[in-house]
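A.B. asks: Chains as they are written, first to last, in our numbering: chain A, 1 to 115; chain B, 116 to 229.
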Amino acid sequence: KAGVTQTPRYLIKTRGQQVTLSCSPISGHRSVSWYQQTPGQGLQFLFEYFSETQRNKGNFPGRFSGRQFSNSRSEMNVSTLELGDSALYLCASSLGSEAGQNEQFFGPGTRLTVL
Amino acid sequence: GESVGLHLPTLSVQEGDNSIINCAYSNSASDYFIWYKQESGKGPQFIIDIRSNMDKRQGQRVTVLLNKTVKHLSLQIAATQPGDSAVYFCAEPLGGGATNKLIFGTGTLLAVQP
């Protein structure tokens, strides 16, 4: 079974630009969560999508947004990039059932560098 | 506010020794905890989880202990191997229930010396 895939793996942008990152979950998984990982703040939850709807949201500004498609693939977008947005962006998928916790499987991440 | 770089605690052990990685939590209502391993260049990988109705759970070479009295959990790795070198995170779902919104600890870097 293929794991979680994220594209692109590396990205370099300049301040003010916008970026879109993509995540393909494990087949059959309906929940996709996004995390930002930086040396300064560690791993921080961005948002979670389940059945094309945002189910949970972290404490990030509105410049960070996401969506999920009917095939459960998800994208996240960051507009008006700032230097502080440089980070590893991780996507995690899970079955997402309503009945209790589900193991989340992480992808390798997209390394975003903002110059 | 201004962010400060996290100083990752480091645990250095000899190959073959046992490792103990600790994690403290603040919410006494927390009912589910997970340990993740993150190797360089990879995303976090699930190791083991434990629910609050348990004090101990064992996996292959790993054991998680939960002390609800002092709000502390630990991950024990038996016979540590070079392949165990990674950053280890404890995590819990914020608000419990079915949420996938995980709150991660700062992590501990485990360095295994051959």
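We treat Cβ as the ideally placed atom computed from N, Cα and C, and that holds for glycine.
Tell me, to the nearest whole angstrom, how far the beta carbon of S22(A) is from that of E75(A); I am working on the premise that it is less than 8 Å.
C.D. replies: Here residue 22(A) corresponds to residue number 22 of the first sequence, with the count starting at 1. Here residue 75(A) corresponds to residue number 75 of the first sequence, with the count starting at 1. About 5 Å separates the two Cβ atoms, so the contact holds.
A.B. asks: By the three-class DSSP mapping on this structure, what secondary structure does L83(A) have?
C.D. replies: For the purposes of this step, residue 83(A) is identified with residue 83 of the first sequence, where counting begins at 1. Reduced to three states, the DSSP call for L83(A) is helix.
A.B. asks: Using alpha carbons as the reference points, say which of Q228(B), L225(B) and C205(B) lies closest to W150(B).
C.D. replies: Your numbering for residue 150(B) matches position 35 in the second sequence. Looking at the Cα atoms, C205(B) is the closest of the given residues.
A.B. asks: Using DSSP with H/G/I as helix, E/B as strand and the rest coil, what is D132(B)?
C.D. replies: Stepping through the second sequence from its first residue, residue 132(B) is reached at position 17. It is coil, neither helix nor strand.
A.B. asks: For G220(B), does the three-state DSSP call read helix, strand or coil?
C.D. replies: In the second sequence, the residue the question calls residue 220(B) occupies position 105. Three-state DSSP puts G220(B) in coil, outside helix and strand.
A.B. asks: Could you name the residues of the segment 181-192 of chain B whose beta carbon sits closer than 8 Å to any beta carbon of chain E, in the order they occur along the chain?
C.D. replies: Included in the structure are the protein chains A and B, with no chain E among them.
A.B. asks: Where DSSP assigns a beta bridge to A201(B), which residues make up the other side?
C.D. replies: Here the question's residue 201(B) lines up with position 86 in the second sequence. L225(B).
A.B. asks: So if DSSP puts H187(B) in a beta bridge, which residue, or which two residues, is it bridged to?
C.D. replies: The sequence position of residue 187(B) within the second sequence is 72, counting from 1. In the DSSP output, where bridge partners are listed per residue, H187(B) has A139(B) and N182(B).
A.B. asks: So with CB distances below 9 Å, who are the chain A contacts of L217(B)?
C.D. replies: Counting from one through the second sequence, the residue named residue 217(B) turns up at place 102. Result: S33, Y35, L43, F45, A92 and Q104.
A.B. asks: In the structure shown, what three-state DSSP assignment does G42(A) receive?
C.D. replies: By one-based count along the first sequence, residue 42(A) stands at place 42. If DSSP states are grouped into helix, strand and coil, G42(A) belongs with the strands.
A.B. asks: Let me know the secondary structure DSSP gives S22(A) once reduced to three states.
C.D. replies: Walking along the first sequence from the start, residue 22(A) turns up at place 22. Reduced to three states, the DSSP call for S22(A) is strand.
A.B. asks: Quick one: does P61(A) have its CB under 7 Å from some CB of chain B?
C.D. replies: To locate residue 61(A), count along the first sequence from 1; it is residue 61. It does not; no Cβ of chain B falls within 7 Å.
A.B. asks: Go through its chain and collect everything with a Cβ distance to G109(A)'s Cβ below 8 Å, but skip five positions before and after it.
C.D. replies: As a working note, residue 109(A) is residue 109 in the first sequence. Only Q6, R9, Q37, L88, Y89, L90 and C91 meet the Cβ criterion.
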